[in-house]
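Enquirer: Chains as they are written, first to last, in our numbering: chain A, 27 to 474; chain B, 27 to 474.
In this text, a Cβ means the ideal position worked out from N, Cα and C, and glycines have one as well.
If you're wondering where the values come from, they're calculated on a predicted model, not measured in any experiment.
Please find one structure pasted underneath; my questions will follow.
There are 2 protein chains.
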Amino acid sequence: MPRRIVIIGAHAAGVDAASAARKTDRTAEITLITKQKQAGYSPCGIPFVLGRHIPSFDKLIVFPQSYFRMMKLNLMLETTATNIDTKNKTVEIRDKTGKQEKLQYDSLIIATGAYPFVPPIKGREKQGVYVLRTIEDGKKIDQAINNGAKTAIVMGAGLIGIETAVALQERGLRTTVVELLPQILPTMLDADMAKSVQEMLEQKGINIMVSKGVEEFLGTDRVTGIIAGGEQINADLIIAAFGVKPNTELAKKAGIAIGETRGIKTNIRMETNVKDVYAAGDCAECIHMVTQRPALSQLGTTAVRQAKVAGINAAGGYAVFPGVLGSAVTKLFDTEIGVTGLTEFFAKRAGLETITGTIASKTRPEYYPGGVSIKIKLVVEKETERIVGAQIVGGEQVTQRINALSFAIQKQMTVRDLAKADTAYAPPLNETWEPMVLAAEVALRKLR
Amino acid sequence: MPRRIVIIGAHAAGVDAASAARKTDRTAEITLITKQKQAGYSPCGIPFVLGRHIPSFDKLIVFPQSYFRMMKLNLMLETTATNIDTKNKTVEIRDKTGKQEKLQYDSLIIATGAYPFVPPIKGREKQGVYVLRTIEDGKKIDQAINNGAKTAIVMGAGLIGIETAVALQERGLRTTVVELLPQILPTMLDADMAKSVQEMLEQKGINIMVSKGVEEFLGTDRVTGIIAGGEQINADLIIAAFGVKPNTELAKKAGIAIGETRGIKTNIRMETNVKDVYAAGDCAECIHMVTQRPALSQLGTTAVRQAKVAGINAAGGYAVFPGVLGSAVTKLFDTEIGVTGLTEFFAKRAGLETITGTIASKTRPEYYPGGVSIKIKLVVEKETERIVGAQIVGGEQVTQRINALSFAIQKQMTVRDLAKADTAYAPPLNETWEPMVLAAEVALRKLR
C-alpha cells in the first residue's frame with residue numbers, strides 16, 4: 027500500500043515539502059490542504075505587486091495547477107483542517123460546502139504558516155483595518171488604492187510594514203508608519219543601521235513615527251484613523267503590520283509540543299515531539315546556528331529549506347536541517363538592505379560579548395562611474411573572534427555579500443580570516459579592497 | 027636612527043606596501059622607486075578607459091602626489107633600480123638624467139611587477155606591436171584609435187586580451203582575437219564555461235580564432251599583419267596579450283631564490299630567502315590555498331594583500347599571508363564572469379579527483395522583471411566533498427557570489443554544507459533557491 031502523506035498548508039513550505047516527498051517516494055499518495063483559494067504562490071511578492079513592480083497578483087503563482095498534476099499531488103483548495111488525531115493518524119477536514127471528511131496519514135506535515143496579529147488596542151473590534159498576508163489581502167489593498175485612497179497608515183515598521191509603506195508611497199499615497207519601538211526594522215537591523223534607512227525613507231516622503239504606540243482605533247463602524255503617541259491621525263487606508271504569529275492552534279489541540287518561541291517544536295529532522303508528524307515554515311521553531319537556541323525564522327527561504335527536510339523524512343528518506351541564521355534582504359526604492367546572523371542587540375540579549383566593525387565605503391573605485399555608498403556592520407564574538415552577524419545598508423550586490431557573510435558565519439570564520447580573505451575585483455564591479463574586508467579590519471583593531 | 031625601507035615598484039603592490047609600512051612604523055624612511063612617469067595608478071582600469079567607460083587615463087591615478095606627501099613617502103619617478111647588494115644592503119639606482127646613487131636599506135621590498143612577453147615568433151624584431159600594461163601603453167593604443175585605426179588583432183585570449191578586445195569593439199574597430207589554446211580565458215574558465223562567453227563575444231561581433239598560433243609578424247618596418255593558423259590577417263592595430271611574466275631579473279642577479287612558477291619565492295611573511303628582503307605583487311610567488319603548492323596569482327587584489335603583509339613585516343611588525351585562491355571577475359559588455367579556486371582542468375592537473383555541478387538558473391523569480399540567466403559551475407574534491415573551485419558566467423551580483431564561494435573554499439565548506447546554506451532572498455534581488463545552492467545540489471547527486 028502506498029505511503030499516505032498529508033500536508034496542511036500549500037504555499038512555500040507545503041509545496042516544497044510535497045515536491046521533496048514526491049522525489050523521495052514516487053508512489054506515495056500526497057495530499058495538500060489549504061483554506062485559501064489559491065496555492066503555491068509567493069507572498070513575499072505581494073508588496074512588489076502593490077508597488078507595481080510586478081504587473082499582477084496572478085504572476086505570483088509559482089506553482090500552477092499543472093505543477094500539482096505533474097507531480098501527482100492531490101491539492102484540496104478552500105479546505106480547512108479542523109482536527110488532528112495523532113493516535114489514529116487522521117486529519118479531519120471541512121470543505122467550503124461544509125462537508126467533513128477524515129484523511130488517514132502515515133506521515134503528516136504541518137505547514138500552517140503564521141497569521142498577522144493585532145495587539146489588544148482599544149477599538150480592535152472595528153472593521154476596516156487591512157492586513158497583508160495573502161493574495162486576497164493584497165487585492166483588497168489594491169482595490170482601496172484604485173478606489174481613490176490618498177493617505178495611508180502602516181502600523182508596525184518590520185520588514186512587511188516597511189515594504190508595504192514603500193509600495194503605497196510609490197502608488198502616490200501620503201504614507202505614515204507608526205512603530206512602538208524607537209527604530210524601524212527592529213528585528214533586522216541595529217538602531218545605528220536602521221537610522222540611515224529611516225532617513226532615506228523620510229527623504230522619499232514617508233512619514234515615520236518611532237517610539238509611538240497605537241493607542242486607539244477611531245471611527246464609528248469602520249476605522250478611519252488612529253491615536254498614536256497621543257496624536258490623532260486619519261487615513262483612507264489603515265494597515266496592521268504588527269507582525270505575525272505561528273498558526274499552532276491545530277497542533278496544540280492535538281497535543282503537539284509548542285516551543286518557547288511559540289512555534290511548533292522540531293528536532294533536526296523537522297519532526298515534532300509526535301512520531302511521524304513534521305512541521306515546516308512559519309509555524310515551526312528551529313535552532314539558531316549561532317546561539318544554538320530555539321528560533322523562529324519566518325522567512326521564505328527558511329520555509330523551503332525546512333520543508334525539503336520535512337518532505338524527505340516524511341517520505342521515508344533521511345535529511346537534517348542545519349538551523350538558521352535568518353539571512354534576509356530587501357530593496358526599498360533603490361536601497362538594498364540585508365542581514366545575516368545576530369544583530370548587536372540580539373547578540374547581547376543572547377549573552378554574547380561582542381565587538382563590532384562598521385565602515386562606509388564605495389562599491390566601485392572612485393574612477394569608475396556608478397559606484398554607490400555601502401555601509402557594512404559586522405558583529406564579532408569577542409573570545410572566539412568569530413563573525414556572528416552582519417548588516418548591510420545601501421550599495422550594490424548586497425544579497426550576495428549577505429550570502430558570503432552567511433557562509434562565513436556558518437563555517438565559523440573569524441574576523442581575522444575575513445580581514446585576509448581572497449576577494450574578487452574588477453573596476454566596473456568592485457573596489458580593490460572589498461568593503462566586507464575593510465569592515466573586518468575595523469573590528470580587528472578593537473580586538474588587538 | 028630611523029628604519030630605512032626601500033621599495034622597488036610604486037603601483038598596487040609598492041604603494042600598499044609603503045602604506046602598511048608607514049602605519050606600522052611612523053618614523054621609518056620609506057622610499058619608492060619606479061621607472062615609470064606616474065605612480066600609484068590602477069592598471070586594471072586601462073581597458074575600461076579604452077572602452078570609454080572611464081573618461082580619461084588620469085582618472086586611474088588612485089594615489090596622487092599628495093598621498094605620498096601625506097604619508098611621508100619618498101617617491102622617485104623615472105628611476106631604475108639597477109642592482110641589489112643583499113650583503114651590504116644597498117640598492118643601486120639611476121635616474122632619467124643617468125645619475126647613479128646607492129640607497130642603503132634596512133628592509134627591501136621587491137614589487138617589480140610583471141612584463142608582457144611576446145613568444146619567439148618570426149618577425150618579432152619588427153616595430154609596431156602594441157602591448158597593454160602601463161598607462162603609456164594604453165595612451166598609445168588610444169592614440170592609434172584616434173588616428174583612425176579601423177581593424178584590430180588581439181593576440182592572446184586571456185583576461186587582458188579579452189577585456190582589450192571588448193574595448194576595441196566598443197570603440198568601433200573590427201576586432202579579431204587569436205588564441206593558441208582551444209578556448210578563450212584558459213586560466214580562468216573551463217572549456218564548457220568559456221564556450222558560452224565566446225558565443226556571447228561573437229554575437230557582439232568579435233571574431234575569435236581559437237587553436238590558432240601566431241606564426242609570423244608581417245610587414246616591412248612596422249607590423250601590418252600576422253599569419254595565424256596558416257591564414258594571413260592584416261589590421262591597423264596589433265596588440266600582444268600573450269600573458270605576463272614576473273620581473274625577476276634584479277632579484278635573480280642578487281641571488282634571491284626564484285620558485286618553480288618563475289616568481290620570487292616567498293615565505294608566509296612574504297620574505298624571500300634573503301633576510302630583510304620581501305617580495306609582493308605580480309613578481310612574487312605564493313601558496314595556493316587548495317593545492318598547497320606554489321602559485322603565481324598576478325591579480326591586483328593579491329598584490330595589495332601581499333603588499334600589506336610585506337609592508338608590515340618590513341617595518342618590524344608581524345603579519346602572515348594566508349595564500350591565494352585566485353578569485354577574479356570581469357565584465358564583458360553586460361556579462362559578468364567570475365572564478366575562484368581551481369577550475370576542473372587545473373584541479374585535475376594538481377592531481378585532485380573531482381566531481382562538478384553545473385546549473386543554469388535565473389537571478390530573480392520568474393514573476394519579477396529584469397532577472398537574467400546565470401550559469402554556475404562548482405568543482406568539488408571527491409573524498410572530502412569540499413568545494414575547491416567555482417566559475418560563474420552571466421547573471422547579476424557575480425562578484426559577490428564569487429566572494430561567497432571564495433569564503434566557502436577558504437573555510438573548507440563541503441558541497442553538502444552549501445546545499446543547505448542559509449541564503450537571502452527577496453523578489454527584486456534573488457530567487458528563493460539561490461543558484462549556488464542549486465549547483466551544490468547537482469554536484470551532490472553525483473556523490474550519493
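Closer than 8 Å between beta carbons: that is the criterion. Which residues of the region 378–399 of chain B meet it against chain A?
Expert: The region 378–399 of chain B vs chain A, Cβ under 8 Å: Pro391, Glu392, Tyr393, Tyr394, Pro395.
Enquirer: Can you give the Cα-Cα distance for B/Ile381 and B/Met439, rounded to whole angstroms?
Expert: Cα to Cα, B/Ile381 sits roughly 15 Å from B/Met439.
Enquirer: In the region 411–434 of chain B, which residues sit with their C-beta less than 9 Å from some C-beta in chain A, listed in chain order?
Expert: The residues in question are Glu422, Gln423, Val424, Thr425, Gln426, Arg427, Ile428, Asn429, Ala430, Leu431, Ser432, Phe433, Ala434.
Enquirer: Taking its Cβ as the centre, do 16 or more other Cβ atoms sit within 10 Å of A/Ser323, making it buried, or is it exposed?
Expert: Its Cβ being crowded by 16 or more others within 10 Å, A/Ser323 is buried.
Enquirer: Give me the subset of the region 351–365 of chain B whose CB atoms are less than 7 Å from a CB atom of chain A, sorted by chain position.
Expert: Listed by position, the residues of the region 351–365 of chain B near chain A (Cβ gap below 7 Å) are Leu351, Ser353, Ala354, Val355, Thr356, Lys357, Glu362, Gly364.
Enquirer: In three-state DSSP terms, what is B/Gly149?
Expert: Coil.
Enquirer: Go ahead and label B/Pro145 buried or exposed: buried means 16 or more other beta carbons lie within 10 angstroms of its beta carbon, across all protein chains shown.
Expert: So B/Pro145 ends up on the exposed side.
Enquirer: Check whether the region 459–469 of chain A and the region 379–395 of chain A are in contact - that is, three or more C-beta pairs closer than 8 Å.
Expert: Contact between the region 459–469 of chain A and the region 379–395 of chain A is present, because at least three Cβ pairs lie under 8 Å.
Enquirer: For B/Asn260, I'd like the list of residues in its chain whose CB is within less than 7 Å of its CB, leaving aside the five on either flank, ordered along the chain.
Expert: These residues qualify, in order along the chain: Thr250, Gly251.
Enquirer: Any heavy atom of the ligand NAD closer than 6 Å to the beta-carbon of B/Glu241?
Expert: The ligand NAD is absent from the structure shown, which contains no ligands of any kind.
Enquirer: At least one CB of chain B closer than 7 Å to the CB of A/Ile33: is that the case?
Expert: No - not a single Cβ of chain B is within 7 Å of the one on A/Ile33.
Enquirer: Does the region 307–316 of chain A come within contact of the region 345–357 of chain A, defined as at least 3 CB pairs closer than 8 Å?
Expert: Taking 8 Å as the limit for Cβ pairs, the verdict is that the region 345–357 of chain A does touch the region 307–316 of chain A.
Enquirer: By the 10 Å Cβ neighbour count, where 16 or more other Cβ atoms means buried, how is A/Glu407 classified, buried or exposed?
Expert: Buried is the call here.
Enquirer: What residue ranges within the region 72–96 of chain B form continuous alpha helix (DSSP H) runs of no fewer than 4 residues, ordered along the chain?
Expert: List check, alpha helix (DSSP H) in window: 72–76, 91–96.
Enquirer: Taking only the alpha-carbon atoms, compute the straight-line gap between B/Arg375 and B/Glu409 and give it to the nearest angstrom.
Expert: Using only the alpha carbons, I get a separation of about 17 Å.
Enquirer: Which residues in chain B sit within 7 Å of A/Asn173, going by Cβ to Cβ distance?
Expert: Chain B residues near A/Asn173: none, gap ~25 Å exceeds 7 Å.
Enquirer: Quick one: grab the DSSP three-state call for B/Lys403.
Expert: The answer is strand: DSSP assigns B/Lys403 an E or B state.
Enquirer: Between which two residues does the beta strand (DSSP E) carrying B/Gln195 extend?
Expert: Counting along the chain, B/Gln195 falls outside any beta strand (DSSP E), though it belongs to the alpha helix (DSSP H) covering 185–196.
Enquirer: Take the Cβ of A/Gln436 as the centre, count every other Cβ of all protein chains shown within 10 Å, and call the residue buried at 16 or more, exposed below.
Expert: That one is buried.
Enquirer: Could you check where the beta strand (DSSP E) with A/Glu409 kicks off and where it finishes?
Expert: Note, A/Glu409: premise wrong, no beta strand (DSSP E); not H, not E.
Enquirer: Which residues mark the beginning and the end of the beta strand (DSSP E) in which B/Ala354 is found?
Expert: B/Ala354 -> beta strand (DSSP E) spans 354–358.
Enquirer: Measure the alpha-carbon distance for B/Asp360 versus B/Phe371 and round it to whole angstroms.
Expert: So the two alpha carbons sit approximately 27 Å from each other.
Enquirer: Out of B/Ile110, B/Met102, B/Arg52, point me to the one whose CA is closest to B/Glu118's CA.
Expert: Among B/Ile110, B/Met102, B/Arg52, the Cα nearest to that of B/Glu118 belongs to B/Ile110.
Enquirer: How about B/Ile428 and A/Ala450: are their beta carbons less than 7 Å apart?
Expert: Contact: yes.
Enquirer: Is the beta carbon of B/Gly420 closer than 7 Å to that of B/Ile400?
Expert: Yes, they are a contact pair.
Enquirer: Consult DSSP for A/Ser133 and reduce its assignment to one of helix, strand or coil.
Expert: DSSP places A/Ser133 in strand when its eight states are reduced to three.
Enquirer: Starting from the beta carbon of B/Met439, find every residue of chain A whose beta carbon is closer than 8 Å, and list them in chain order.
Expert: Those within 8 Å of B/Met439 in chain A are Phe433, Gln436, Lys437.
Enquirer: Is A/Gln229 near A/Ala217, with beta carbons less than 7 Å apart?
Expert: No, the pair does not count as a contact, with Cβ atoms beyond the cut-off.
Enquirer: One question on the structure: do A/Gly285 and A/Glu311 come within less than 7 Å of each other, judged by their Cβ atoms?
Expert: Yes. Within cutoff.
Enquirer: In chain order, what residues of the region 300–313 of chain A put their CB closer than 8 Å to some CB of chain B?
Expert: Correct list: empty, as no residue qualifies.
Enquirer: Distance check for B/Pro212 and A/Met102, CA to CA, integer angstroms please.
Expert: Straight-line Cα distance between these residues: approximately 54 Å.
Enquirer: Counting only beta-carbon atoms, is A/Ala452 nearer than 7 Å to chain B?
Expert: Judged by the 7 Å Cβ criterion, A/Ala452 is in contact with chain B.
Enquirer: Check this for me: beta carbons of B/Ile135 and B/Tyr67, under 7 Å apart or not?
Expert: Contact: no.
Enquirer: Which complete beta strand (DSSP E) runs does the region 223–267 of chain B hold, if anything under 3 residues is left out?
Expert: Here the runs fully enclosed are 233–235, 240–244, 251–254, 257–260, 263–266.
Enquirer: Taking the CB atoms as reference points, tell me whether A/Ile31 and A/Ala46 lie closer together than 7 Å.
Expert: No, these two residues do not count as a Cβ contact at 7 Å.
Enquirer: For B/Thr183, which residues of its own chain have a beta-carbon under 6 Å away from its beta-carbon, when the five flanking residues on both sides are left out?
Expert: As written in the sequence, residue 183 of chain B is Ala, which differs from the Thr given in the question. Only Val203, Glu205, Ile210 meet the Cβ criterion.
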